[in-house]
Amino acid sequence: MMANILRSYITIKTHPSVRAQELKMETLAVEQRKKDHAAHQLLETPRKNEDIERELRPPEEGKPVT
2 MMANILRSYI TIKTHPSVRA QELKMETLAV EQRKKDHAAH QLLETPRKNE DIERELRPPE
62 EGKPVT
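Mapping of the sequence shown onto this note's numbering: residues 2 to 67, in sequence order.
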């Protein structure tokens with residue numbers, strides 16, 4: 002799991018256009034995962050940078066949080 006978090010951090014810091022990544026915990030069946038890999042894995046979601054950044058941005062002064 003730490004490897005997935007570290008890989009995402011490095012991607013965000015070094016990739017010229019990736020500014021955010023969302024990881025989601027998935028439980029993979031034996032036939033879905035690589036040999037000797039864990040059943041529970043953090044996998045990247047297809048969400049766009051802009052959507053993730055918008056969700057993380059603090060609300061504007063005086064506007065309700067939606």
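Backbone N, C-alpha and C fix where the C-beta goes; we use that ideal spot for every residue, glycine too.
When you compare only the Cα positions, how much space is there between residue i and residue j?
i, j, result
"Tyr8", "His38", "Before going further, note that residue 8 is Arg rather than Tyr in the sequence given. Distance between the alpha carbons of Arg8 and His38 is about 16 Å."
"Lys36", "Gln42", "13 Å"
"Glu61", "Arg20", "21 Å"
"Arg34", "Ala40", "7 Å"
Quick one: grab the DSSP three-state call for residue i.
i, result
"Met2", "coil"
"Gln22", "coil"
"Glu45", "strand"
"Glu62", "coil"
Which partner residues does residue i have in the DSSP bridge list?
i, result
"Glu27", "Gln42"
Going by the beta-carbon positions, is the gap between residue i and residue j smaller than 9 Å?
i, j, result
"Arg48", "Glu23", "yes"
"Lys25", "Thr12", "no"
"Leu29", "Asn5", "no"
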